[in-house]
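Residue numbers (the working numbering), protein chains in the order written: chain A, 131 to 618; chain B, 131 to 618.
Every residue gets a Cβ at the ideal spot worked out from N, C-alpha and C, and that includes glycine.
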């Protein structure tokens, strides 16, 4: 069946999508220039109306497009509701700039209009003095809420949830429930999933708006609610929360405290952000970078350097193992200098084989496709794959060495008068390559799963870390075989 | 402010979440054993009722939990609606097993109940003879729809969209629109976003159910609809579609044909799957693996081998450049064997520095944080970062070589009677390390952006590919410097 679909899409990607994206970008730029024009010609009400028509994400892009010094004044033109929506989408640099230029009243009005999770996100990026000023200008109720949210640990479900959800009682009829949602839902983050709680706020069930809509008005909520409760605790890892939302295709997941009282919900758009962020973090760790949560173009040179240099230094210094081994065989190398010509090939092949396994397993662990309890099954599979790969590499390496490196010469006369048997050298190299592949794949399996088992992050156990180990072991294998065969 | 939140969550991750996950797994296993028990004691109506209570995702897990030979008979117990929901969540191996055991009538009933996008997904995984049997047993209407969907290229928006959406007319009142949704919405994939089309099915706007609910019943759809249309074309890349849904926090994105006629929608849960799949593909490519769309535990040993061996072989053979360079300097190595002791360190440092840049840039490109037009800005930034990293590496490498490798001996007497100046050797090594870092970061910037520019996949330009180039260049730098300084 695949044949029916595998019409290549590369061409399409390259013109169609790029083109569509270009069109969107161009349209937006035209739109932005038009808005600037309205400002320049003082058509403020047209401007306000046009910004309101924009999606808040695009409106935020417009502010990034404006020259820095114009931003605060232009922002103040926006109506309260639009202002809050757009503010939540802005970059923290711009938020800082705008807050600094605002009166206390203006700050207060924006803060009261934000969803608590957005307010918390904004606050956690701003410097302490600005946070202080903002907190001073919120109602004590909002302040208490914000403080509660700020107290959840980073990366916990509590830190990404929102408090604006709809709760229903089990004995309401569907008609009453819809009426309740219509009355209270306008400033909730989602009205499409409502949560049923009892008088102690304990979570009892979930009702989708769709079910309310398609049930008869007299049915009670308890009859139609789903009580096969899928929920998270406030202290659960936000990545697990996001994976649950993805697994069950939910629009939102309820979050409860230790007593199972409903305290918030995590919506699917936040789950999507969590998944993207956490994946970027994993990828950075796999590439020996200390993770950052800022986008690339917003990170300064020094900041980028600080994230990269620790692993570079550590891995450079750990190369002391390989130099020690090679130095140990310095005399043999004096005679058989040809052996060193294959260092890069052997070590890269080992490194590549190891990173294939470790990266596959790290990704499998993070998508929950692999569990730590599968350790022996995974190891057994990787072992068999490594034997297959090893045999191919052995054969290809032997042929390549004889054909390309030795140009079909079976012997070479060395400077010191001895005759070097090239077939033997090619065999030493190929056997080492075989063992390097097998060893690399096994260590690339053991390290990530082992790390997860003892509560470390598997992503750190990726390519660069494994490369150092594989390099060392490969050299030991190489010299052990060579010294036995060549008697040095 | 960050201080307020950075209470470490690692401990929590390790007990709380794992615990919660364990609890869920244990609960599910208990539940599954209970279900098996009902089957064994022939309490079929209890069994059917209990499966209906489960989330379809969990019910599908139950079938994976059953012994293979029991699956078809047990599956046939399910009611039509439940059967279709569960079937869509099953693994393709199980789907095949079940379809084979079904009568034509049963197949037909399931197919008519599935969403078209799920049916298409299922069909594209099954062997041709089974597909043929299924297609024979669908109504001609469904068959035409499925064929239309199958004709969209892989990875296009058309291939992931669903045809079950709600369309409204601009002149409907909100009350009429809600009534229309109530009447037609029950088997739509989402009722929370509706699309406004004209008589030629041209897309005119989007209305959220929330807006309908909170508007006055007499208002017309055209008054409240959002006409700042965000949509995709059927041939757009599905990854771009997913990124758009994520950017604007949408529940669904409309998909139109060339004439802007609405043909389908992509929902956020499908967007989430696309993002996860595409990221896994990128990660696999970065680790020199040919991507697969099957989960790790379902992929056989031979299949895994086939995905890994091409790059391993290619990269192994491309090492012919490094061996040629080293062979060229064989005589010099005979004298200065110590130089070879630093091959692994130099090449790994270069490789790590290069993969830091390339992986960061590939990720930035795929998240749209970096555009190809930013090329010079990115290159300038990476150049400055590379100088900073290079200087640190130079200093650390010099100190490490003198301290650890030469144990503070400034000279070494060689076998042939010449005196080797260790400070000079350490300088040669450290200068090479500096250039290796700078070169690696620059090539790690140019290759991914260049690849994207000419329409290739940037992810292929990651670590392993760059390592081969960086290895070669590093060796050339190394021997060029060494041969000038040491006169060989």
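Beta-carbon spacing of residue i, residue j below 8 Å
i              : j              : result
residue 592(B) : residue 406(B) : no
residue 339(B) : residue 351(B) : no
residue 450(A) : residue 534(B) : yes
residue 505(A) : residue 596(A) : no
residue 431(A) : residue 514(B) : yes
residue 568(B) : residue 615(B) : no
residue 105(B) : residue 564(B) : What is shown of chain B runs 131 to 618, which leaves residue 105(B) out entirely.
residue 283(B) : residue 165(B) : no
residue 172(A) : residue 201(A) : no
residue 245(B) : residue 207(B) : no
residue 296(A) : residue 311(A) : yes
residue 291(B) : residue 394(B) : yes
residue 354(B) : residue 367(B) : no
residue 391(A) : residue 332(A) : yes
residue 293(A) : residue 307(A) : no
residue 566(A) : residue 454(A) : no
residue 412(B) : residue 496(B) : yes
Contacting residues, own chain, Cβ-Cβ under 7 Å from residue i (five flanking each side not counted)
i              : result
residue 378(B) : 360
residue 500(B) : 491, 494 and 508
residue 472(B) : 559
residue 101(A) : The structure shown does not extend to residue 101(A), since chain A spans only 131 to 618, so no value can be given for it.
residue 594(A) : 418, 441 and 445
residue 437(B) : 419, 420 and 422
Any C-beta of chain A under 8 Å from that of residue i
i              : result
residue 185(B) : yes
residue 545(B) : yes
residue 446(B) : yes
residue 71(B)  : A query on residue 71(B) cannot be resolved here, the shown segment of chain B reaching from 131 to 618 and no further.
residue 530(B) : yes
residue 406(B) : yes
residue 499(B) : yes
residue 322(B) : yes
residue 90(B)  : Residue 90(B) cannot be examined here, being either before or after the span of chain B that is shown, 131 to 618.
residue 440(B) : no
residue 535(B) : yes
residue 402(B) : yes
residue 511(B) : yes
Own chain partners of residue i with C-beta closer than 6 Å, once the 5 adjacent residues on each side are dropped
i              : result
residue 375(A) : 383, 398 and 401
residue 538(A) : none
residue 288(B) : 282 and 364
residue 518(B) : none
residue 583(A) : 502
C-beta neighbour in chain B for residue i, strict 8 Å
i              : result
residue 384(A) : no
residue 523(A) : yes
residue 526(A) : yes
residue 251(A) : no
residue 377(A) : yes
residue 443(A) : yes
residue 519(A) : yes
residue 453(A) : yes
residue 460(A) : yes
residue 394(A) : no
Any non-hydrogen atom of the ligand PLP closer than 7 Å to residue i Cβ
i              : result
residue 571(B) : The ligand PLP is absent from the structure shown, which contains no ligands of any kind.
Contacts around residue i, its chain only, beta-carbon distance under 8 Å, and the 5 residues preceding and following it disregarded
i              : result
residue 328(B) : 299, 300 and 334
residue 551(B) : 540 and 541
residue 168(B) : 174, 176, 177 and 180
At a cut of 8 Å, does the region 227 to 245 of chain B reach the region 257 to 274 of chain B through at least three beta carbon pairs? yes
Please identify, using Cβ separations under 7 Å, the residues of the region 463 to 492 of chain A that lie next to chain B, in order along the chain. 463, 464, 467, 468, 470, 471, 472, 473, 474, 475, 477, 478, 479, 482, 483, 485, 486, 489 and 490
Chain B contacts made by the region 410 to 428 of chain A, where a contact means CB separation under 9 Å: 410, 412, 413, 414, 416, 417, 418, 419, 425, 426, 427 and 428
Contact between the region 433 to 450 of chain B and the region 522 to 531 of chain A: three or more CB pairs below 8 Å? yes
Decide if the region 191 to 201 of chain B is in contact with the region 157 to 173 of chain B; the criterion is three or more beta carbon pairs, one per stretch, under 8 Å apart. yes
Going along the chain, which residues of the region 335 to 351 of chain A sit with their C-beta nearer than 8 Å to a C-beta in chain B? Answer set for the region 335 to 351 of chain A: 339, 340, 343 and 344.
The region 206 to 226 of chain A in contact with the region 178 to 186 of chain A per 3-pair CB rule at 8 Å: yes
Looking at C-beta atoms only, is the number of pairs between the region 569 to 588 of chain A and the region 473 to 492 of chain A that lie closer than 8 Å three or more? Touching, yes, given that three or more Cβ pairs across the two stretches are closer than 8 Å.
Which residues, taken in chain order from the region 227 to 260 of chain B, show a beta carbon closer than 8 Å to some beta carbon of chain A? Near chain A, meaning a CB-to-CB distance below 8 Å, the residues of the region 227 to 260 of chain B are 253, 254, 255, 256, 257 and 258.
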